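Notes follow once the structure below has been shown.
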Amino acid sequence: MKTIFDRPVEPGLVRRALAGSRFGSMWLDIPRPSYPPLTAPANCDLLVVGGGYTGLWTALHAAERNPGARITLVEADRIGWAASGRNGGFVEASITHGHENGESRWPDEMGTLEALGLANLDGMEADIERLGLAVDWERTGMLSVATEPHQVPWLREAADEGQGRFLDADEVRAEVTSPTYLAGLFSARTCAIVHPAKLALELARACRQAGVTVHEHTPVGALRGAAGGLLATTPGATVSADRVVLATNVFPSLVRRNRLYTVPVYDYVLSTEPLTDDQLARIGWRNRQGVGDCANQFHYYRLSADNRIVWGGYDAVYHFGRRVDPSYEHRAQTYERLAAHFVLTFPALDDVRFSHRWAGAIDTNTRFCAHWGTAHRGRVAYVNGFTGLGVGAARFAADVCLDLLDGATTERTRLRMVREKPLPFPPEPVASMGIQATRWSLDRADHNAGRRNLLLRTLDRMGLGFDS
Ligand SMILES: Cc1cc2nc3c(=O)[nH]c(=O)nc-3n(C[C@H](O)[C@H](O)[C@H](O)COP(=O)(O)OP(=O)(O)OC[C@H]3O[C@@H](n4cnc5c(N)ncnc54)[C@H](O)[C@@H]3O)c2cc1C
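Take 13 as the starting number for the sequence shown in the numbering used here and just add one per residue.
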């Protein structure tokens, strides 16, 4: 069976739309202050490794919890250059990668997880306001759209469960006009949009203001126990620290045994040039909601403050060998597929051109939402595995890491989600074979009215099933 996205698109249209696009994240195309590398030995109470959202929230909240503590954050490259500067900027309340994923794993604590997730989103909005962070924050809500008939009852069911308001085809097209939309689900409270790179840069500024020392171009090569604490080695100097948080996401964990839990999956994104008022009027979209369609292979899209459409998703590509490798970001066929799907979704925008194309690696574990751990007798805490939903969840994860280092029992650390680990991925070549078979099956399900084959049903039963 074909889906709406299998319809042919004139190749010339796709070529023209992409012709002027530059490679690199549109979000990172802004002035970025720099922080000096570490060149002399340092001592601190808390060392945070990683300058994406997780590390930045950890350092900021640690400074607020313990005024006067000596906190150092080191970043291997630039602040926010990795996933935190390349994502879609959807800040979702969910800390479990969606309701179904959480419900299938921790039905008994789903109420608490959803309440904590919403409190985290509200808390993030409050932090941004209190600290005066200029990050283009807009609490727009999220519009899920059905583009195939079998998806319509899914949205109706979700509405019946209280996950949002069901919109029929006319209602959803009155919000955003696309001939592909058959129905919608609008959830007003559970999603904001943000400028991803500004969020990272502004958090770094807030960290500095709170007294955190920040170093860029300072990769930690090794971490080991030393008399009364920990010693981190960087090219310029060593850092002695009482406690360490590892916020290194998809990059190789400094705790070796943690490496088997995640694999990098590449996600690809396009951004248009700013739409003119006339172009925007052609598709409505006055209320600026974040939008996502609801197949297994889904697209996510939103407006930027200057009215570009940021359009990503669909292909999620795993490469044999679990490496993070910049060459994987160049994938012409994926950018062309994304552009073709854009044209199918918004035929009224056939004169719109893409200005940027980029990709990033997503840190995926077998349960599709964060897992935590400690090492070195509780002096080191780490978190990994946000999969595709880490912009909001990173702030929650940072608070959990600080609770774990404090040895505190909190509502957060009592969660099974925090105490339990996912199953690790098997070594290659089994990992690659399993992931590719799963991807193929998900694509088949999308082409078969959502029906899941034996492999997917087995994975579902084992708690390894992915359902977007
Ligand atoms: C294309 C794309 C789209 C996405 N869209 C969304 C979305 O719309 N909504 C959403 O919620 N999530 C989304 N995500 C996921 C989200 O971006 C991430 O989950 C989130 O940014 C993770 O933040 P982080 O700080 O943990 O990781 P990162 O931003 O990856 O930061 C980790 C940092 O650690 C540094 N580091 C690693 N190792 C070392 C070391 N040894 N020494 C020093 N520094 C080190 C790295 O250089 C890096 O800067 C998307 C991801 C991608 C790639």
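Using N, Cα and C, we set each Cβ at its ideal position, and we do this for glycine too.
Being a predicted model, the structure only gives us computed values, none of them experimental.
CA-to-CA distance, residue j to residue i, given in whole angstroms
i: A59; j: D415; result: It is worth fixing the name first, because residue 59 is Leu in this sequence and not Ala. Roughly 15 Å between the two C-alpha positions.
i: H383; j: D363; result: 44 Å
i: R34; j: R365; result: 11 Å
i: L167; j: G196; result: 7 Å
i: L243; j: G419; result: 21 Å
i: A371; j: A457; result: 25 Å
i: F408; j: A127; result: 12 Å
i: G237; j: A253; result: 10 Å
i: R385; j: N270; result: According to the sequence provided, residue 385 is Gly. The question's Arg does not apply to it. G385 and N270: Cα-Cα distance of roughly 8 Å.
i: G62; j: R77; result: 20 Å
i: G100; j: P208; result: 7 Å
i: W149; j: A222; result: 22 Å
i: E121; j: I374; result: 26 Å
i: S480; j: C306; result: Because S480 sits at a pLDDT of 42, beneath the cut-off of 50, its placement in the model cannot be relied upon, and the point is left open.
i: G240; j: H388; result: 11 Å
i: L235; j: T246; result: 9 Å
i: K210; j: F102; result: 14 Å
i: L145; j: A138; result: 10 Å
i: S96; j: V403; result: 7 Å
i: R220; j: V392; result: 23 Å
i: R300; j: P286; result: 14 Å
i: G296; j: V164; result: 22 Å
i: S190; j: I16; result: 12 Å
i: A449; j: A54; result: 48 Å
i: C56; j: E173; result: 48 Å
i: R343; j: Y280; result: 9 Å
Residue i versus the options, residue with shortest Cα-Cα distance
i: Y273; options: F398, P45, Q345, A95; result: F398
i: L467; options: Y65, R255, I447; result: I447
i: D394; options: R255, W39, Y340; result: Going by the sequence as given, residue 394 is Tyr instead of Asp. When each option's Cα is compared against that of Y394, the closest is R255.
i: L454; options: P286, Y326, E440; result: Y326
i: L194; options: F178, Q301, I91; result: F178
i: T66; options: I91, S46, R44; result: I91
i: L143; options: G475, A186, E214, V188; result: E214
i: A71; options: N113, V226, R27, N261; result: V226
i: A360; options: T192, S106, E228, E440; result: T192
i: F380; options: A443, A31, V275; result: V275
i: P43; options: C56, T376, W93; result: W93
i: T84; options: R98, L50, N113; result: L50
i: L282; options: E423, S316, N308; result: S316
i: A131; options: T202, N55, A293, H111; result: T202
i: A52; options: A181, A249, I205; result: A249
i: W39; options: A461, M429, H368; result: H368
i: D4; options: A204, D180, P286, T357; result: This structure gives no information on residue 4, because the portion of the chain shown stretches from 13 to 480.
i: R294; options: Y280, G333, H331, T357; result: T357
i: S46; options: S444, F354, R349, H229; result: H229
i: E183; options: F198, E173, A170; result: F198
i: P439; options: R334, R451, F354; result: R334
i: R28; options: E348, T470, L471, V442; result: E348
i: T159; options: E432, K14, G475, C413; result: K14
i: R98; options: F437, G324, P23; result: G324
6 Å Cβ shell around residue i - same chain, five flanking residues per side excluded
i: V329; result: Y278
i: E341; result: A371
i: A88; result: P231
i: M136; result: R407
i: G129; result: A105, S106, I107
i: A218; result: L72, L143
i: L258; result: V61, L266, Y394
i: S352; result: Note that residue 352 is Ala in the sequence shown here, rather than Ser. Taken in chain order, the residues that qualify are V21, V26.
i: L435; result: T378
i: G36; result: W370
i: S444; result: F332
i: G462; result: H162
Closer than 8 Å: residue i CB and nearest ligand 2 heavy atom
i: G296; result: By its list of ligands, the structure shown excludes ligand 2, since it contains just ligand 1.
Residues of its chain near residue i, where Cβ-Cβ distance is below 7 Å and the 5 sequence neighbours each way are ignored
i: D180; result: A195
i: H513; result: Here the chain comprises residues numbered 13 to 480, so residue 513 is not present and cannot be evaluated.
Cutoff 9 Å: residue i Cβ touching any chain C Cβ
i: L85; result: In the structure shown, chain C cannot be found, because there is only a single protein chain.
Residues near residue i in its chain [Cβ-Cβ closer than 8 Å; skip 5 each side]
i: L125; result: I107, T108, G114, W118, L427, M429
**Message:** Threshold first: 3 residues or longer. Then list the beta strand (DSSP E) segments lying entirely within the stretch 226–278, N to C.
**Reply:** 234–238, 241–245, 250–258
**Request:** Kindly provide the ranges of any alpha helix (DSSP H) runs that are 4 or more residues long and lie completely inside the stretch 88–126, ordered along the chain.
**Result:** With a minimum length of 4 residues, the continuous alpha helix (DSSP H) runs that stay inside the stretch 88–126 are 111–117.
**Request:** Within the stretch 419–479, note down every full alpha helix (DSSP H) run reaching 4 residues or more, in order along the chain.
**Result:** For the alpha helix (DSSP H) assignment, the uninterrupted runs of no fewer than 4 residues enclosed by the stretch 419–479 are, from N- to C-terminal side, 428–431, 442–458, 466–473.
**Prompt:** Which runs of the beta strand (DSSP E) spanning at least 3 residues fall entirely within the stretch 278–308, listed in chain order?
**Reply:** 302–305
**Secondary structure, beta strand (DSSP E): runs of 3+ residues fully inside the stretch 384–414** = 392–396
**Message:** Suppose only complete runs of 3+ residues qualify. What are the beta strand (DSSP E) ranges in the stretch 144–216, listed by chain order?
**Reply:** 154–158, 177–180, 195–199, 203–205
**Request:** Would you mind listing the alpha helix (DSSP H) stretches within the stretch 334–390 that are 4+ residues and don't spill past its ends, in chain order?
**Result:** 344–357
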